[in-house]
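Please read the structure below before turning to the comments.
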Amino acid sequence: MLRNLIAKRCLSAVSARAYATKPVDGFIGAIGNTPLIRLNRLSQETGTEIYAKAEFMNPGGSVKDRAALYVVKDAEERGLVQPGGTVVEGTAGNTGIGLAHVCRAKGYQCVIYMPNTQSQEKIDLLRMLGATVYPVPAVAFDNPENYNHQARRHAERLSNAVWTDQFDNRANRRAHIETTGPEIWQQMGGRIDGFTCSTGTGGTLAGIARFLKEQDRNVRIFLADPPGSVLYSYIQSHGKLAERSGGSITEGIGQGLVTYYLQPDTELVVDALHFSVEKTFAMLYRLLDEEGIYVGASSALNVVAAVEMAQKLGTGSRVVTILCDGAYRYQSRLFSRKWLEEKSLYGAIPAHLQKYVVLP
Ligand SMILES: Cc1ncc(COP(=O)(O)O)c(C=O)c1O
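In this note's numbering, the protein residues as written are 4 to 363.
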């Protein structure tokens, strides 16, 4: 009898959580509304409140599902693509994966150009999702053979095709003004001291910053920048410098140029934080060990930034960041001893966490 009662109570607790939301409409309806996770160990250790938006829980596995949906919707609304048409994009990976899913769900062909430096897992996944993939030599943006320009030319050669141009498409940032920002604001009960994240196109940072600042001017925005990106020097020098130091090995982030999104929004960003790759890799393994969270390097970098930001803002401060995607897409690198040693990163992983390096 008592056992039955306990079982019933447990079941009702689970049901209340699992069935709190209504069924959603297809893959598209499942994008967004991701959980906001309090990082317990890091919060406790720093005497602050550190929260991370679990964007790896989007149905295509990354924060870029939101941008993918918005750029396709925008192309439809503007009549740039008709049913059965083709969506072409130049992308280092996650936007392409989001687009490939959205295109299947909506019945479009998907064509992706990407630098051939990206992980094989991402290329394979795109092909499994039905996209046509062109890995092309990684050359600078001002070279006509850059993957973005090749994508544009491909769309121009076809009829009923659109180049979604994530780097220069307002719909990318709008996804975060209309969805991610409001979700964070609501999940935090309107009490946020700071937000920080790294940038690829800058859509996530700019969109969330814009929304949060409109709710509360006192929310502070810090940019998290990996080695190899020019943005740290750009923010620190108030737009006078754009200097590059080192190369980026953090897939999806780290820019050689100040993107379209960030230029008008740099006034929202009050500071930039810069970290060594070693710190990011140590955090990647700590998140796994201490919080049970399995994420890629850009997410780990974001968490390093959130911890530093919270410490700067002081005891009790409430800081939010983004967990962009899971580690599944990069595991052959991130958990390979050979790869880590080649990049001189094996030593950066604390000795007690090296047990997670299970691949040769
Ligand atoms: C893994 C990862 N993290 C972060 C980002 C950055 O997102 P955004 O383009 O909105 O700046 C990307 C972008 O593709 C990404 O793939």
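Heads up, the beta-carbon is just placed ideally off N, CA and C, and yes, glycines get one too.
N- and C-terminal bounds of the alpha helix (DSSP H) containing M312: If you number the sequence shown from 1, residue 312 lands on position 309. Looking at the DSSP string, the run of the alpha helix (DSSP H) that includes M312 is 300-316.
Reference I211; option with closest CA among H157, R194, P185: Numbered from 1 along the sequence shown, position 208 holds the residue referred to as residue 211. Comparing Cα positions, the closest option is P185.
Neighbour-count burial assignment, N61, 16 or more Cβ in a 10 Å radius: Translated into the one-based positions of the sequence shown, residue 61 becomes position 58. That one is buried.
Through-space distance from K282 to L362, alpha-carbon basis: As a working mapping, residue 362 is identified with position 359 in the sequence shown. As a working mapping, residue 282 is identified with position 279 in the sequence shown. Taking the straight line joining both Cα atoms gives about 21 Å.
Starting from the C-beta of E52, find all residues in its chain whose C-beta is less than 8 Å away, skip the five residues before and the five after it, and write them out in chain order. Indexing the sequence shown from 1 puts residue 52 at position 49. The answer, listed in chain order, is R41, S46, A313, G319, S320, R321, V322.
Would Y111 and G88 be called neighbours here (beta carbons separated by less than 8 Å)? For the purposes of this step, residue 111 is identified with residue 108 of the sequence shown, where counting begins at 1. For the purposes of this step, residue 88 is identified with residue 85 of the sequence shown, where counting begins at 1. Yes, they are a contact pair.
Check the DSSP bridge columns for T89 and list the partner residues they point to. Residue 89 sits at position 86 when you count from the first residue of the sequence shown. The beta-bridge partner set that DSSP reports for T89 consists of Q112, A164.
C-alpha gap between D328 and L316, whole angstroms: Stepping through the sequence shown from its first residue, residue 328 is reached at position 325. Stepping through the sequence shown from its first residue, residue 316 is reached at position 313. Whole-angstrom Cα-Cα distance: 26 Å.
Heavy atom of ligand 1 less than 7 Å from the Cβ of D328, yes or no? Position 325 of the sequence shown, counting from 1, holds the residue named residue 328. Of the heavy atoms belonging to ligand 1, at least one sits nearer than 7 Å to the Cβ of D328.
Identify which residue in G93, L83, C106 has its Cα closest to the Cα of S162. Along the sequence shown, one-based indexing puts residue 162 at 159. Comparing Cα-Cα distances from S162 to each of G93, L83, C106, the minimum goes to L83.
With a CB to CB cut of under 7 Å and the five nearest residues on each side skipped, what residues in its chain are close to C200? The residue labelled residue 200 in the question sits at position 197 within the sequence shown. Exclusion of the five residues before and after C200 leaves T207, L208, A227, N305, T324, I325 as the residues of its chain whose Cβ lies within less than 7 Å of its Cβ.
Apart from the five residues just before and just after R213, which ones in its own chain have a Cβ nearer than 6 Å to its Cβ? As a working mapping, residue 213 is identified with position 210 in the sequence shown. These residues qualify, in order along the chain: I180.
Is any non-hydrogen atom of ligand 1 found closer than 7 Å to the C-beta of N97, if you look at the structure I gave you? Locating residue 97 in the sequence shown gives position 94, where the first residue counts as 1. If you check the C-beta of N97 against ligand 1, you find a heavy atom less than 7 Å away.
Around the Cβ of V27, are there at least 16 other Cβ atoms within 10 angstroms (buried) or fewer (exposed)? For the purposes of this step, residue 27 is taken as residue 24 along the sequence shown, with counting starting at 1. Result: exposed.
One question on the structure: do R177 and Y73 come within less than 8 Å of each other, judged by their Cβ atoms? Counting from one through the sequence shown, the residue named residue 177 turns up at place 174. Counting from one through the sequence shown, the residue named residue 73 turns up at place 70. R177 places its beta carbon less than 8 Å from that of Y73.
Using the Cα positions of A275 and I100, report the straight-line distance between them to the nearest angstrom. Taking the sequence shown and counting its residues from 1, one reaches residue 275 at position 272. Taking the sequence shown and counting its residues from 1, one reaches residue 100 at position 97. Approximately 29 Å between the Cα atoms of the pair.
Would you say K67 touches ligand 1, meaning its beta carbon is less than 7 Å from a heavy atom? Position 64 of the sequence shown, counting from 1, holds the residue named residue 67. Yes, the beta carbon of K67 sits closer than 7 Å to at least one heavy atom of ligand 1.
Say whether the stretch 114-129 touches the stretch 146-166, bearing in mind that this needs 3 or more beta-carbon pairs closer than 8 Å, one atom from each stretch. Note that the stretch 114-129 touches the stretch 146-166; at least 3 beta-carbon pairs, one per stretch, sit closer than 8 Å.
Outcome for A143 when other beta-carbon atoms lying within 10 angstroms are tallied against a minimum of 16: What you label residue 143 is simply residue 140 of the sequence shown in a count that begins at 1. Residue environment: A143 is assigned as exposed (fewer than 16 neighbouring CB atoms within 10 Å of its CB, all protein chains considered).
As assigned by DSSP and simplified to three states, the class of C106: As a position in the sequence shown, residue 106 is number 103, starting the count at 1. C106: helix per DSSP, three-state reduction.
Just to confirm, are E293 and R44 a CB contact at a threshold of 8 Å? Residue 293 sits at position 290 when you count from the first residue of the sequence shown. Residue 44 sits at position 41 when you count from the first residue of the sequence shown. For E293 and R44, yes; Cβs fall inside 8 Å.
With a 10 Å radius around its C-beta and 16 neighbouring C-beta atoms as the bar for buried, classify S301 as buried or exposed. Here residue 301 is taken as the residue at index 298 of the sequence shown, counted from 1. Counting Cβ neighbours within 10 Å, S301 comes out buried, since at least 16 surround it.
Is it buried or exposed for M286, if we count other Cβ within 10 angstroms and need 16 for buried? Here residue 286 corresponds to residue number 283 of the sequence shown, with the count starting at 1. Counting the other Cβ atoms within 10 Å of the Cβ of M286 gives 16 or more, which makes it buried.
Can you tell me whether DSSP reads E124 as helix, strand or coil? Taking the sequence shown and counting its residues from 1, the one referred to as residue 124 is at position 121. E124 falls in the helix class under three-state DSSP.
With respect to the alpha helix (DSSP H) encompassing R336, which residues constitute its N-terminal and C-terminal limits? On the sequence shown, position 333 is the one that residue 336 refers to. Under the DSSP assignment, R336 falls in the alpha helix (DSSP H) whose first and last residues are 334-337.
So what's I406 in DSSP terms, helix, strand or just coil? As displayed, the chain neither begins before 4 nor continues past 363, which places residue 406 out of reach and without an answer.
According to DSSP, simplified to helix, strand and coil, what is L132? Within the sequence shown, the letter at position 129 stands for residue 132. Three-state DSSP puts L132 in coil, outside helix and strand.
Run the CB neighbour count on E58, radius 10 Å, all protein chains shown included, and call it buried at 16 or more, exposed below. Position 55 of the sequence shown holds residue 58. Buried, since its Cβ has 16 or more Cβ neighbours within 10 Å.
When we look at the beta-carbon of R220 and count the other beta-carbons within 10 Å, is it buried (16 or more) or exposed? Taking the sequence shown and counting its residues from 1, one reaches residue 220 at position 217. Counting the other CB atoms within 10 Å of its CB gives R220 a total below 16, which places it among the exposed residues.
Quick check on S65: does DSSP put it in helix, strand or coil? Walking along the sequence shown from the start, residue 65 turns up at place 62. Residue state, collapsed to three classes: strand.
State buried or exposed for C13, treating a residue as buried only when at least 16 other CB atoms are found within 10 Å of its CB. Working through the sequence shown from its first residue, we reach residue 13 at position 10. In this prediction, C13 scores a pLDDT of 42, lower than 50, which makes its location untrustworthy; the coordinate-derived value is nonetheless stated afterwards. Label assigned to C13: exposed.
Assign Q189 to one of two classes, buried (16 or more other C-beta atoms within 10 Å of its C-beta) or exposed (fewer than that). Within the sequence shown, the letter at position 186 stands for residue 189. With fewer than 16 Cβ atoms within 10 Å of its Cβ, Q189 is classed as exposed.
For G192, count neighbouring Cβ atoms within 10 angstroms of its own Cβ and tell me buried if that reaches 16, exposed if not. Here residue 192 corresponds to residue number 189 of the sequence shown, with the count starting at 1. Exposed, because fewer than 16 other Cβ atoms sit within 10 Å of the Cβ of G192.
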